[in-house]
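Student:
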Amino acid sequence: MVEKPLHPSTLAIHADHGAEDTPDIAPPLHTTTTFSAGGAFIYARNDQPTRHRLEKVLGALEGGHAVTYSSGQAATYAAMRHVRPARVAVDRGYHGTHGVLARLAEEGVVLTGLDADFQKGDLIWLETPKNPTCEVEDIADFAKRAHAAGAVLAVDSTFATPLLQNPLALGADIVMHSSTKFISGHSDAMGGVLVVPESGQAEQLRNERTISGAIPGALETWLTLRSLRTLGVRVAQQSASAARLAQWLEGRVARVWHPSLSSHPAYELAQRQMRGPGGVLAIELDTPEAAQALPARLALFQDATSLGGVESLIEWRRKVDPQAPQALLRISVGLEAVEDLIADLQQGLDI
């Protein structure tokens, strides 16, 4: 008899069942840095029980093998160091990624656009949905183009989470998440993860991580595993609330960016590729001055960077990202009642 695959929300709770010999229902927090000789673990820079459990769950959610890091930025850097490309194709997206690319460019790596003719040995870095405008790229199409040329496709799927999008199933070679965002989901645990299809490649990444030392801390690892248990319900509500907000805002501000809207340039693609639109949207106001002023006028949306937490955040993105449109605000939707969020935006926008 063929067993029916478990729903991602179920995997998030049960994928690490039996990974640790303990009667505890909640995973124990292991703070030790070293282990008695002769056991499964030697030294926490190599591996430790809670990290092992976290990687089992994340791997199961993405359909591959996961390796966790101290931050999303560390995971991005690890992926690029692992592939060792002569050329990276990329288009806008998270400004921190471009910081990594600038460092690689100093070492001779050539940067090009996603519309380039790909070559053998290239790394295609695809961010979808894209930060901050929520633009969506066709993962399967880029995978086909990359593999035909002998290139590697890596996908930053942070905005989607494994609940809404699985790039490996669409042909990607590497998936990256900043787990600081939706995966941890409480603005209290920094981390990153790479997921690859083969266990041997994951082992290579772990060996490279042992050398770099870019491991997540014991507490952050435990907090992230704890948070994964509720990822399904959090992302479902955040996506639904973001869609409600986007619908309400459309026509009331200069522009709204969210994949749930039929006006979104990749609406049809998002419907095919994703299982939901995600909990981040962006809006553009009439002037940069109005965009800068709005966060201070709101009561429930906190003026802060980052995204994916239980609390709603808003940020004039140009403050930290020089590529962002001057009048654009990025909104990360939390778990507050959407009616309250709409009322807050209504009074803040004075409409």
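Under the numbering used here, think of the first position of the sequence shown as 39, with each following residue one higher. Just so it is clear, CB atoms sit at the ideal spot from N, CA and C, and this is done for glycine as well.
(1) Let me make sure I understand the geometry here. Which of Ser298, Gly270, Pro303 and Val273 has the alpha-carbon closest to that of glutamate 283?
(2) Please name the residue or residues paired with glutamate 322 in a DSSP beta bridge.
(3) To the nearest angstrom, how far is the alpha carbon of glutamine 340 from that of aspartate 324?
(4) Are the stretch 69-84 and the stretch 226-241 touching by the rule of at least three beta carbon pairs closer than 8 Å?
(5) Grab the span of the beta strand (DSSP E) containing isoleucine 162 for me, first residue to last.
(6) CB-CB under 7 Å to histidine 68, same chain, minus the five flanking residues each way: which ones, in chain order?
(7) Thinking arginine 91 and leucine 263 are a contact (beta carbons under 8 Å), I'd like their distance in whole angstroms, please.
(8) So, at 6 Å on beta carbons, what are the nonlocal neighbours of glycine 131 in its own chain, with the 5 sequence-adjacent residues on each side left out?
(9) Is it the case that the CB of proline 205 approaches a heavy atom of the ligand SAH more closely than 7 Å?
(10) Taking only the alpha-carbon atoms, compute the straight-line gap between histidine 45 and glutamate 145 and give it to the nearest angstrom.
(11) Any idea if alanine 153 is buried or exposed, counting beta-carbon neighbours within 10 angstroms, 16 or more meaning buried?
(12) Rounded to whole angstroms, what is the Cα-Cα separation between alanine 53 and lysine 94?
(13) Taking DSSP as the reference, what is the three-state secondary structure of glutamine 340?
(14) Any Cβ of chain D within less than 8 Å of the Cβ of glycine 347?
(15) At a cut of 8 Å, does the stretch 271-289 reach the stretch 366-384 through at least three beta carbon pairs?
Tutor: The relevant details are as follows:
(1) Mapped onto the sequence shown, residue 283 falls at position 245. Here residue 283 turns out to be leucine, not glutamate, going by the sequence shown. Answer by Cα proximity: Ser298.
(2) Here the question's residue 322 lines up with position 284 in the sequence shown. BP columns for glutamate 322 point to Arg293 and Leu366.
(3) Against the sequence shown, residue 340 aligns to sequence position 302. Against the sequence shown, residue 324 aligns to sequence position 286. Going by the C-alpha atoms only, they are around 21 Å apart.
(4) no
(5) The residue labelled residue 162 in the question sits at position 124 within the sequence shown. Unbroken beta strand (DSSP E) run through isoleucine 162: 161-165.
(6) To locate residue 68, count along the sequence shown from 1; it is residue 30. Correct list, in chain order: Gln86, Pro87, Thr88 and Ala256.
(7) Taking the first residue of the sequence shown as 1, we reach residue 91 at position 53. Taking the first residue of the sequence shown as 1, we reach residue 263 at position 225. Contact holds; Cβ gap of about 6 Å.
(8) Counting from one through the sequence shown, the residue named residue 131 turns up at place 93. Glu165, Lys168 and Asn169, listed in sequence order.
(9) Questions concerning the ligand SAH fall outside what the structure shown contains, since it holds no ligand whatsoever.
(10) As a first step, residue 45 is located in the sequence shown; it is residue number 7 there, counting from the start. As a first step, residue 145 is located in the sequence shown; it is residue number 107 there, counting from the start. Those two C-alpha atoms are separated by around 44 Å.
(11) As a first step, residue 153 is located in the sequence shown; it is residue number 115 there, counting from the start. Looking at the sequence itself, residue 153 is aspartate, so the reference to alanine does not match. It is exposed - the Cβ of aspartate 153 has fewer than 16 other Cβ atoms within 10 Å.
(12) Here residue 53 refers to the residue found at position 15 of the sequence shown. Here residue 94 refers to the residue found at position 56 of the sequence shown. Distance between the alpha carbons of alanine 53 and lysine 94: 6 Å.
(13) In the sequence shown, residue 340 corresponds to position 302, counting from 1. DSSP places glutamine 340 in strand when its eight states are reduced to three.
(14) Absent here is chain D; the protein component of the structure consists of one chain.
(15) yes
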